[in-house]
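A.B. asks: Line by line, the protein sequences give chains X and B. Each number in my numbering corresponds to the 1-based position in the first sequence with 1289 added. Each number in my numbering corresponds to the 1-based position in the second sequence with 46 added. Backbone N, C-alpha and C define an ideal beta-carbon position, used for all residues, glycine too. Please read all numbers here as calculations on a predicted model, not as lab measurements.
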Amino acid sequence: MINEIFFLLVFPGLLAAAFFGLLYEGIARKITARMQSRVGPPVWQPFFDWVKLMSKENITPRNGVGFVMTLCPVIAFASVLSAVVFIPVTGYSPASFSGNMLVVIYLLVIYTLSFAVAGWASGSPLGSVGSIRELTLLLSYEFPFIVSLLTVGFMTGFTVSPFFALRLPLAFFAFLVSVIGSLSLPPFHVPDAEQEIVGGPLAEYSGPRLGMFSLAKAVKFWVLISLGTVMFLGGGTIEWFLIKSLALVILVSVAKTVFARLRIDQTFRLFWLVIGPLALIDLIRVMFGLV
Amino acid sequence: MKASRDAFCPKSRLTFLFSPAQIIFMHEFTLPIGPQHPALAEPIHFRLKVDGETVVDAEMHLGYNHRGIEKSLESRQWFKGVFLSGRICGICSQSHTATYSQGIERLANVTVPERGKYARTIFAELERIHSHMLLLAVAGHTIGFDTAFHYIWRDREYALEIMELLSGKRIQHDFNTIGGVRWDISEDQIHKINQNLDRIEQRAKHYYKIFTKDRSIRKRMKGVGVLSRKDAEEFGVVGPIARASGLRSDLRTSGYSAYSHIDFKPVLGSEGDCMERFLVRLKELRSSVKIIRDCLANLPAGDYKAKLPLVINVDKGKEATSRIEAPRGELIYYLKSNGLTPERVKVRTPTFANFSCVGKILQGTQVADAPITVASLDPCIACCDRMAVLDVNTGKEKILDHHELDHLFGKEHHHD
């Protein structure tokens, strides 16, 4: 019992997920900054930001709907935190059951939906446009994301468990690209394009609400990175896990640095016509036992 | 206007549930950009009438940053006015002081020594380099390519270093004065300038490669915000925008300053889209480096400014116009003398000429393309702010003509 509570609240549950999420975000920011030939914020900056946001006040715009604006960040945070439980970071997860991979996929969709609702509830035209784009982006990356996970799922019985996917390079590639899309990082940061719609769904958010969203974002980062580490890179002991996941963080940061933002229609076309079919090739190979 | 805003911002708690449906089935709504907006460095207000993600119509409102510089110039003696004219624009302060000085030189029949003319040309081209690099960096930022922004911004320092070397200041140089320039260029400085020019040329080549080869940049800029040659002629656009549409509009060919002694061809494009406008600027970086090198190699000996009395008296009522190719296009000053001070100074900045085509090139683009389309015009908003009278009761804006101004303010005209 004590073990389970420790697992849920400390490691790799609430505390560890929040800690590593914010830390990885800081590391990604630092790497990006160095590649852009600037100094960049300290690695701990996301922690400082979070503490500051939580100590500020919530502002509800005149057209905003207060309780929905409060509910959305909580739902977003709860959904990604639930997903953490299913990922066997140390090779073991007490919540593990056959087919839990599908639950993880659902939980990640709930996160995006709460983002979209948050944009509409804030009552701002910029937030609304951001919400539409958020959903369109969801529709785009979800296809290659699910297909690439299913490819590995066929091998592991649709359970999140360690698997080494060197023989499935296309699925791994599709997974990485859709992870970047799912985190709405460049080149897919269409929903929160600050030059066009001023941060999109979160344009009107402030204080603890924004703090919860930023924490949820960080935990999602951790979830996706650890999902990739477990399902495609084989997980391993805690040291190996950290090394492999850091490698993924570096890959994501490089992608973040070298691209301009695509338009939403271009994003959609890229995911459905290029990345998705690539993942499908590996899925078909697995289904016919050609791997 | 009000109705469409209400549709977006439902007041009651129940109606918010319908807003997704409203957005999908609603035909048009207005998306405000500015006066305060992260993509805008200066206050300007765009109203985009949007159908889904397509821009149907665009409106532009100016007047948030009006400073009354033309009026203040009228109360300053000729020499002092030159400093104030540089404050019209932070980025093209060299062009403004040069144009104003050139106008006064025409009024007072002053001949600028050859060395002064060459120095002005060198400085004008340095300004073109730093202004174009600034815009290219902003363009990178506008399409979400922050790496390009940081790199180009960093390399722009090479041009600023040279300007600091020559004038002691990075941005507000006050390099020109009536009858020449304020500081001479020494041999040591020429050596350092050449070193930095090499670096600028090398980086300009690199960025040209990036802008032409990078797929994500090409996807965002190619075929966006097209201004055909015919439209460019009709709207009377100037500078790199006109040249990108294939118009041969470059005042430097008229040979003011030292341009008549220098072998140079204006850079011309043909496509007229955002991509072409940036490529024209990238090519101009290299042509500017070449012009500066030529000027430095053939720098004539002698005085760098004419000897003039501190107080210049020009015959009352005498008029002159002065035109220069600023980084953004043709800059025009009209001067009328009142003896020791100007009676009237009228400035036509290139941005003001280029803004005429905003509505045209925004029509039919996507919302996502609007920022880069506007940025490709290189708008300098402080330069072109005008005053308008707003009728609070009807909400109508009006630009007053000369007689109405007389009527409103008596003899005190309120100009730009």
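#1: Can you confirm whether HIS219 of chain B, when its beta carbon is compared against all beta carbons of chain X, has any partner nearer than 8 Å?
#2: I'd like the span of the alpha helix (DSSP H) that includes VAL326 of chain B, first residue to last.
#3: Closer than 9 Å by beta-carbon distance: list the chain B residues that pair up with VAL1418 of chain X, in chain order.
#4: According to DSSP, simplified to helix, strand and coil, what is THR157 of chain B?
#5: Give the DSSP-derived three-state secondary structure of LYS464 of chain B in the structure shown.
#6: Output needed for VAL1538 of chain X: all residues of its chain with C-beta closer than 7 Å, excluding positions within five of it in sequence on either side, in chain order.
#7: Which residues, in order along the segment 1313-1340 of chain X, keep a beta-carbon less than 8 Å from a beta-carbon of chain B?
#8: Taking all protein chains shown into account, decide if GLU1493 of chain X is buried (16 or more other Cβ within 10 angstroms of its Cβ) or exposed.
#9: Ignoring anything shorter than 4 residues, give me the alpha helix (DSSP H) runs that lie fully in the segment 227-308 of chain B, in order along the chain.
#10: The alpha helix (DSSP H) with THR1556 of chain X in it runs from where to where?
#11: Please report the distance separating the alpha-carbon of ARG1306 of chain X from that of TRP1511 of chain X.
#12: Which partner residues of VAL101 of chain B appear in the DSSP bridge assignment?
#13: What residues in the segment 1379-1394 of chain X have a beta carbon less than 8 Å from any beta carbon of chain B?
#14: If I follow the unbroken beta strand (DSSP E) through THR76 of chain B, where does it start and stop?
#15: Between the C-alpha atoms of PRO1301 of chain X and PHE1443 of chain X, what's the straight-line distance to the nearest angstrom?
#16: Step through the CB atoms of chain B and report whether any lies within less than 8 Å of the CB of PHE1560 of chain X.
#17: List the residues of chain X that SER262 of chain B touches, going by C-beta distances under 8 Å, in chain order.
#18: How long is the line joining the alpha carbons of GLY1416 of chain X and GLY186 of chain B, rounded to whole angstroms?
#19: I want to see whether chain X comes within less than 8 Å of GLY190 of chain B, judged by CB atoms only; does it?
#20: For the putative contact between MET1324 of chain X and THR1556 of chain X, defined by C-beta atoms under 8 Å, what is the C-beta separation to the nearest angstrom?
#21: Alpha carbons only, please: which of B:PHE401, B:ILE427, B:LYS311 and B:GLY348 is nearest the one belonging to ALA278 of chain B?
#22: At least one CB of chain B closer than 8 Å to the CB of ALA1544 of chain X: is that the case?
#23: What does the Cβ neighbour count give for PRO1362 of chain X, buried or exposed, with the cut at 16 atoms within 10 Å?
#24: Sort B:ILE79, B:PRO81, B:VAL283 and B:THR145 by Cα distance to TYR380 of chain B and report the nearest one.
#25: According to DSSP, is PHE1453 of chain X helix, strand or coil?
#26: Beta-carbon of ALA1482 of chain X versus every beta-carbon of chain B: anything under 8 Å?
#27: Measuring alpha carbon to alpha carbon, tell me which of X:ARG1498, X:GLY1488 and X:ILE1394 ends up nearest GLU1346 of chain X.
#28: Strictly below 8 Å CB to CB, what residues from chain X border THR193 of chain B?
C.D. replies: Put simply:
#1: By this cut-off, HIS219 of chain B is not an interface position.
#2: Bounds of the alpha helix (DSSP H) holding VAL326 of chain B are 320-343.
#3: The contact set of VAL1418 of chain X on chain B, defined by CB atoms closer than 9 Å, consists of ILE69, LEU77, VAL96, GLU99 and VAL413 in chain order.
#4: In the three-state reduction of the DSSP assignment, THR157 of chain B falls in the coil class.
#5: Outside the shown range of chain B, which is 47 to 462, sits residue 464 of chain B, and nothing can be said about it.
#6: Within its own chain, the residues whose Cβ lies closer than 7 Å to the Cβ of VAL1538 of chain X, once the five positions on either side in sequence are excluded, are TYR1313, ILE1316, ALA1317 and ILE1514, listed in chain order.
#7: Of all residues in the segment 1313-1340 of chain X, only MET1324, GLN1325, SER1326 and ARG1327 come within less than 8 Å of chain B when Cβ atoms are compared, listed by chain position.
#8: It counts as buried.
#9: Entirely contained in the segment 227-308 of chain B, the alpha helix (DSSP H) runs reaching 4 residues are, in chain order, 233-259, 261-267, 275-281 and 285-290.
#10: Its alpha helix (DSSP H) spans residues 1553-1559.
#11: The residue asked about is misnamed: residue 1306 of chain X is Ala in this sequence, not Arg. Rounded to the nearest angstrom, the gap between the Cα atoms of ALA1306 of chain X and TRP1511 of chain X is 7 Å.
#12: Answer is B:VAL96, bridged to VAL101 of chain B.
#13: Listed by position, the residues of the segment 1379-1394 of chain X near chain B (Cβ gap below 8 Å) amount to none.
#14: Per DSSP, the continuous beta strand (DSSP E) segment holding THR76 of chain B begins and ends at 75-79.
#15: Within the model, the alpha-carbon separation for PRO1301 of chain X versus PHE1443 of chain X is close to 26 Å.
#16: Taking 8 Å as the threshold, the shortest C-beta distance from PHE1560 of chain X to chain B does not fall below it.
#17: Residues of chain X passing the Cβ test: PRO1476, PHE1548, ALA1549, ARG1550 and LEU1551.
#18: C-alpha of GLY1416 of chain X to C-alpha of GLY186 of chain B: approximately 24 Å in a straight line.
#19: True, the Cβ-Cβ gap to chain X drops below 8 Å.
#20: Wrong, their Cβ atoms sit about 23 Å apart, outside the cutoff.
#21: Nearest in C-alpha terms to ALA278 of chain B, of all of B:PHE401, B:ILE427, B:LYS311 and B:GLY348, is B:PHE401.
#22: Interface criterion not met: the Cβ of ALA1544 of chain X is under 8 Å from no Cβ in chain B.
#23: Under this definition PRO1362 of chain X is a buried residue.
#24: For the residues B:ILE79, B:PRO81, B:VAL283 and B:THR145, the minimum Cα distance to TYR380 of chain B belongs to B:THR145.
#25: If DSSP states are grouped into helix, strand and coil, PHE1453 of chain X belongs with the strands.
#26: By the rule that beta-carbons nearer than 8 Å mark a contact, ALA1482 of chain X touches chain B.
#27: Checked all of X:ARG1498, X:GLY1488 and X:ILE1394; the closest Cα to GLU1346 of chain X is X:ARG1498.
#28: By Cβ distance, chain X contributes MET1324, GLN1325, THR1546 and VAL1547.
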